[in-house]
Amino acid sequence: MKYGLEGIKKSFGRQTVFDGLDFDFSKCGLYLIKGESGSGKTTLLNIIAGYEDFDGGKRVIKKGTKIAYIFQTYELINNLTVAENIDLFENLYHITFDKKQEIIEILGLQDIMDHYPDECSSGQKQRIGIARALMMDPEIIICDEPTESLDMENKQNVMELLTTLAKEKIVLLASHETELIEKYQPAVYEIIDKKLQSNDEIDNEVVEAKDVLLPKPDQKYLKKIIRKVLHHSSIVQLFIILVIALTALVSLQTYFTIFKPIESLEILNSYEIYIEVTNDDEENPVRVPGERIVKFDNIILDGRKYRINVVPIVTNNEELEFYGQKEINGNEIIINQNVAKILMDSQGVSKEKLIGQEMNLSYKIDFFSNEDTFEIAGIVYEDDVQNVLQVYYSNDYFKQTRSISEDMDYYVYHSDSKNIENDYYRFSKNTQLETTNLFVENIERINNEMGIFELVFKAVVIVIFTTLLIYTIYSLKKQWRQVSGNLAIIASCLVPLSKIKSSYIKEKFKELIIIDIVLMGESLLYLLLIGNRGIEINAGVIIVLNIIYLVMLLINIRSIKDYEIATILKDDKDN
Numbered sequence: 029m030k031y032g033l034e035g036i037k038k039s040f041g042r043q044t045v046f047d048g049l050d051f052d053f054s055k056c057g058l059y060l061i062k063g064e065s066g067s068g069k070t071t072l073l074n075i076i077a078g079y080e081d082f083d084g085g086k087r088v089i090k091k092g093t094k095i096a097y098i099f100q101t102y103e104l105i106n107n108l109t110v111a112e113n114i115d116l117f118e119n120l121y122h123i124t125f126d127k128k129q130e131i132i133e134i135l136g137l138q139d140i141m142d143h144y145p146d147e148c149s150s151g152q153k154q155r156i157g158i159a160r161a162l163m164m165d166p167e168i169i170i171c172d173e174p175t176e177s178l179d180m181e182n183k184q185n186v187m188e189l190l191t192t193l194a195k196e197k198i199v200l201l202a203s204h205e206t207e208l209i210e211k212y213q214p215a216v217y218e219i220i221d222k223k224l225q226s227n228d229e230i231d232n233e234v235v236e237a238k239d240v241l242l243p244k245p246d247q248k249y250l251k252k253i254i255r256k257v258l259h260h261s262s263i264v265q266l267f268i269i270l271v272i273a274l275t276a277l278v279s280l281q282t283y284f285t286i287f288k289p290i291e292s293l294e295i296l297n298s299y300e301i302y303i304e305v306t307n308d309d310e311e312n313p314v315r316v317p318g319e320r321i322v323k324f325d326n327i328i329l330d331g332r333k334y335r336i337n338v339v340p341i342v343t344n345n346e347e348l349e350f351y352g353q354k355e356i357n358g359n360e361i362i363i364n365q366n367v368a369k370i371l372m373d374s375q376g377v378s379k380e381k382l383i384g385q386e387m388n389l390s391y392k393i394d395f396f397s398n399e400d401t402f403e404i405a406g407i408v409y410e411d412d413v414q415n416v417l418q419v420y421y422s423n424d425y426f427k428q429t430r431s432i433s434e435d436m437d438y439y440v441y442h443s444d445s446k447n448i449e450n451d452y453y454r455f456s457k458n459t460q461l462e463t464t465n466l467f468v469e470n471i472e473r474i475n476n477e478m479g480i481f482e483l484v485f486k487a488v489v490i491v492i493f494t495t496l497l498i499y500t501i502y503s504l505k506k507q508w509r510q511v512s513g514n515l516a517i518i519a520s521c522l523v524p525l526s527k528i529k530s531s532y533i534k535e536k537f538k539e540l541i542i543i544d545i546v547l548m549g550e551s552l553l554y555l556l557l558i559g560n561r562g563i564e565i566n567a568g569v570i571i572v573l574n575i576i577y578l579v580m581l582l583i584n585i586r587s588i589k590d591y592e593i594a595t596i597l598k599d600d601k602d603n
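The sequence shown begins at 29 in this note's numbering and counts up one residue at a time.
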């Protein structure tokens, strides 16, 4: 036996299709394979073609034999024209079949060569599939329902063509249209009881393989075909992945920019804690560390009473912006921008006019009211926290002009950047004291207010990232279902799968490089404009996306094998 099957066993799960099936088709001729629906006719053809695996037995096909497959479902590449589909083998191997034009005319395809498969009828598609298969000038032609979609005239044309070819080639044909085909006197085989039975014998000559090794396929043309196969779905997929990925990165960067914990406020006296004894107990007197200071009354500006914090400058902040003097002496004061705005609005003057103006401030010492006149020497621009009004006087002023009474219950305690929070909360726990520090209080307030918005925003970021991961996996799987069928069709034109996989991987790597360039470019821009906060997570997102992309690519590539081409084509139709 030069061509045939010996003792083939094949099962799908618990269902046995073939059990010791033998089939010798070494001689040229027309072989008709009959059988009830579900008996395994298509499976048998797929095993002969090498497109489907089997459980036991032997497939005998001489090396170098060209096998062409006329598929029941046409299996055309929709991104290629009719001419490109028919000439697929010729363009890949630069081998022209001398009967090419004759076959095209017999099949009536000469007027639709520039059309696309989607523009053709089912009958035309069937004839295109037949023409493409015959262009390989094969020794074995496998036909699965080749006349099913054709009108009577074309059925006869196809059968006459196959009968003519069967004089020199092996033509294996499975069909339900047995009455039509038996008119052309085939050798009839029927699948009965999981075996192939026949009383017919063919006396023709044994087909000899031409022992001509095919050259390597044209790699440039193979890349061109795969690029066409990927073109539409890849552009849409790439665009959507980029949009979602960029949205994810921008949302992540926005999160780190907006919701970074506030650790400092640029204000004078950041680390001064003001402590007032509100409930002194003679039996258990409060001992407050720090320096006694004067507590000022509320101030009337523009006819309105304002609660203004009037405190001595204990520590200066060189990073703050000042207008006028930074250092003060005697009765000079510095006001913050909020006080300056009230004065400028009420008087209709500029900040230049405020410098040198006088301001009366009242306070009590030993229960006696006092009022002193101070001169505005400068304006300090602090972080605007709840529009707080601040006036600063020289710490030495009262030491020089007034005595600080031992009965005064208002203190300033100087802490530092490391201990300010601990010191503040330590004093706050004492119910006999009222403790104030703008730095701690406002950082806590701002962070608490941002907490709710942060949770909402974080949830949005998580949803976007989850969408990115799910869509990337989904789109790659969906595209593979669409593309794998076309790759299997190219493989049916005798192109080694290794070459197809290599070209496919290169095209997908180009997509990944585009994604990486765009995302890394955006991250670099963020790094230059905003800073490196969260940049590690940005890099992590890009790395995870690359890993998912590469893993899915590897899984897809490993899933396509020569003996699974039939399954891939079936799955492509099911999806």
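No residue lacks a Cβ here, since even glycine has one placed at the ideal position from N, Cα and C.
query = In three-state terms, what does DSSP make of Met164?
reply = Position 136 of the sequence shown holds residue 164. In the three-state reduction of the DSSP assignment, Met164 falls in the coil class, being assigned neither a helical nor a strand state.
request  = Using three-state DSSP, classify Asp47 as helix, strand or coil.
outcome  = Counting from one through the sequence shown, the residue named residue 47 turns up at place 19. Reduced to three states, the DSSP call for Asp47 is strand.
ask   = So, using beta-carbon positions, are Val264 and Val511 closer together than 8 Å?
value = Taking the first residue of the sequence shown as 1, we reach residue 264 at position 236. Taking the first residue of the sequence shown as 1, we reach residue 511 at position 483. Not closer than 8 Å, so no.
query = Around the Cβ of Pro524, are there at least 16 other Cβ atoms within 10 angstroms (buried) or fewer (exposed)?
reply = Mapped onto the sequence shown, residue 524 falls at position 496. Around the beta carbon of Pro524, fewer than 16 other beta carbons lie within 10 angstroms, which makes this residue exposed.
query = Opposite Thr109 in the DSSP bridges: which residues?
reply = As a first step, residue 109 must be located in the sequence shown, where it is residue number 81. In the DSSP output, where bridge partners are listed per residue, Thr109 has none listed.
request  = Compute the Euclidean distance between the alpha carbons of Ala194 and Ile123, then round it to the nearest angstrom.
outcome  = Numbered from its first residue, the sequence shown carries residue 194 at position 166. Numbered from its first residue, the sequence shown carries residue 123 at position 95. Roughly 22 Å separates the two Cα atoms.
key: Beta-carbon proximity of Val367 to Ile336, cut-off 8 Å   = Residue numbering aside, residue 367 sits at position 339 when the sequence shown is read from its first letter. Residue numbering aside, residue 336 sits at position 308 when the sequence shown is read from its first letter. Cβ distance < 8 Å, so Val367 and Ile336 count as in contact.
task = Return the chain-ordered ranges of every beta strand (DSSP E) run that is complete within the segment 506-545 and spans a minimum of 3 residues.
result = none
ask   = Three-state secondary structure (DSSP) at Ile321?
value = Start at 1 with the first residue of the sequence shown, and residue 321 comes out as number 293. Reduced to three states, the DSSP call for Ile321 is coil.
query = From Leu582 to Phe53, what distance separates their C-alpha atoms?
reply = Mapped onto the sequence shown, residue 582 falls at position 554. Mapped onto the sequence shown, residue 53 falls at position 25. Whole-angstrom Cα-Cα distance: 38 Å.
task = Figure out for me which residue from Leu120, Gly157, Val316 and Lys128 has the closest Cα to the Cα of Pro243.
result = Position 215 of the sequence shown, counting from 1, holds the residue named residue 243. Here the closest residue by C-alpha is Leu120.
query = Of all the options Glu80, Ile585, Gly78 and Gly85, which has the alpha carbon lying nearest to the alpha carbon of Asp50?
reply = As a first step, residue 50 is located in the sequence shown; it is residue number 22 there, counting from the start. Checked all of Glu80, Ile585, Gly78 and Gly85; the closest Cα to Asp50 is Gly85.
message = For a quick check, are the C-beta atoms of Glu103 and Gly157 less than 8 Å apart?
response = Against the sequence shown, residue 103 aligns to sequence position 75. Against the sequence shown, residue 157 aligns to sequence position 129. Contact flag set, yes.
task = Please specify which runs of the alpha helix (DSSP H), each continuous and at least 4 residues long, are wholly inside the segment 148-234, giving them in chain order.
result = 150-162, 180-193 and 206-210
query = If you draw a straight line from the alpha carbon of Ala215 to that of Lys223, how long is it in whole angstroms?
reply = Reading the sequence shown from its first residue, position 187 is the one you call residue 215. Reading the sequence shown from its first residue, position 195 is the one you call residue 223. Those two C-alpha atoms are separated by around 16 Å.
query = Given that a residue counts as buried once 16 or more other Cβ atoms are within 10 Å of its Cβ, and exposed if not, what is Arg473?
reply = Here the question's residue 473 lines up with position 445 in the sequence shown. Arg473 is exposed by the Cβ-count criterion.
ask   = For the alpha helix (DSSP H) that contains Asn450, what are its first and last residues?
value = As a working mapping, residue 450 is identified with position 422 in the sequence shown. Ile448 to Ser456 is the span of the alpha helix (DSSP H), which, as asked, contains Asn450.
query = Given that a residue counts as buried once 16 or more other Cβ atoms are within 10 Å of its Cβ, and exposed if not, what is Ser443?
reply = Indexing the sequence shown from 1 puts residue 443 at position 415. It is buried - the Cβ of Ser443 has at least 16 other Cβ atoms within 10 Å.
query = Does the beta-carbon distance from Phe426 to Ile301 come in below 8 Å?
reply = Within the sequence shown, residue 426 is the residue found at index 398, counting from 1. Within the sequence shown, residue 301 is the residue found at index 273, counting from 1. Cβ distance not < 8 Å, so Phe426 and Ile301 don't count as in contact.
key: Contacting residues, own chain, Cβ-Cβ under 6 Å from Ser587 (five flanking each side not counted)   = On the sequence shown, position 559 is the one that residue 587 refers to. Hits under 6 Å: none found.
ask   = With a Cβ-Cβ cutoff of 8 Å, do Gln460 and Val305 count as a contact?
value = Position 432 of the sequence shown, counted from the first residue, corresponds to residue 460. Position 277 of the sequence shown, counted from the first residue, corresponds to residue 305. Yes, the pair counts as a contact, with Cβ atoms nearer than the cut-off.
query = Do Ile327 and Gly352 have their CB atoms nearer than 8 Å?
reply = Position 299 of the sequence shown, counting from 1, holds the residue named residue 327. Position 324 of the sequence shown, counting from 1, holds the residue named residue 352. It is not a contact, given that the beta carbons lie outside the stated cut-off.
query = Between the segment 139-147 and the segment 168-175, do three or more beta carbon pairs fall short of 8 Å?
reply = no
Cβ-based burial, Val569 [other Cβ within 10 Å; buried from 16] = Here residue 569 is taken as the residue at index 541 of the sequence shown, counted from 1. Flag for Val569 reads buried.
key: Neighbourhood of Leu73 by C-beta distance below 7 Å, restricted to the same chain and skipping five residues each side   = The residue labelled residue 73 in the question sits at position 45 within the sequence shown. Excluding positions up to five away in sequence, the list reads Ile170, Asp172, Leu200 and Ala202.
query = Which of helix, strand or coil does DSSP assign to Gly20?
reply = Past the edges of the chain, shown from 29 to 603, lies residue 20, and the structure says nothing about it.
key: the ligand GDP heavy atom lying under 7 Å from the CB of Leu382   = Absence of the ligand GDP is noted for the structure shown, with no ligands found whatsoever.
query = Over what stretch of residues does the alpha helix (DSSP H) that includes Asn119 continue unbroken?
reply = In the sequence shown, counting from the first residue as 1, residue 119 sits at position 91. Start and end: Leu116 to Tyr121.
key: CB-CB length for Gly136 against Ser177, believed under 8 Å   = For the purposes of this step, residue 136 is taken as residue 108 along the sequence shown, with counting starting at 1. For the purposes of this step, residue 177 is taken as residue 149 along the sequence shown, with counting starting at 1. The Cβ separation is near 14 Å, so there is no contact.
inquiry  = What does the alpha-carbon distance come out to for the pair Lys38 and Leu274?
reply    = Along the sequence shown, one-based indexing puts residue 38 at 10. Along the sequence shown, one-based indexing puts residue 274 at 246. So the alpha carbons of these two residues sit roughly 50 Å apart.
inquiry  = Let me check understanding here. Comparing Cα to Cα, which of Asn364, Lys30 and Gln154 lies closest to Ile198?
reply    = Reading the sequence shown from its first residue, position 170 is the one you call residue 198. The shortest Cα separation from Ile198 among Asn364, Lys30 and Gln154 belongs to Lys30.
request  = Any chance you could list the alpha helix (DSSP H) runs of at least 4 consecutive residues sitting entirely within the segment 320-379, in chain order?
outcome  = Fully enclosed alpha helix (DSSP H) runs of 4 or longer: 365-375.
ask   = Excluding the five sequence neighbours on either side, which residues of its own chain have a C-beta within less than 7 Å of the C-beta of Arg255, listed in chain order?
value = Taking the sequence shown and counting its residues from 1, the one referred to as residue 255 is at position 227. Counting only Cβ-Cβ distances below 7 Å, and skipping sequence neighbours, we find Glu535.
query = Taking the continuous alpha helix (DSSP H) assigned at Arg87, which residues delimit it?
reply = Taking the first residue of the sequence shown as position 1, residue 87 is located at position 59. From DSSP, Arg87 is part of no alpha helix (DSSP H) but of the beta strand (DSSP E) over Gly84 to Val88.
inquiry  = Restricting to Cα atoms, I'd like to know which of Phe46, Thr93, Leu496 and Asp228 is closest to Thr70.
reply    = By 1-based counting over the sequence shown, the position of residue 70 is 42. It is Phe46.
inquiry  = Going by the DSSP bridge assignment, what does Lys37 pair with across the sheet?
reply    = As a first step, residue 37 must be located in the sequence shown, where it is residue number 9. In the DSSP output, where bridge partners are listed per residue, Lys37 has Asp47 and Gly84.
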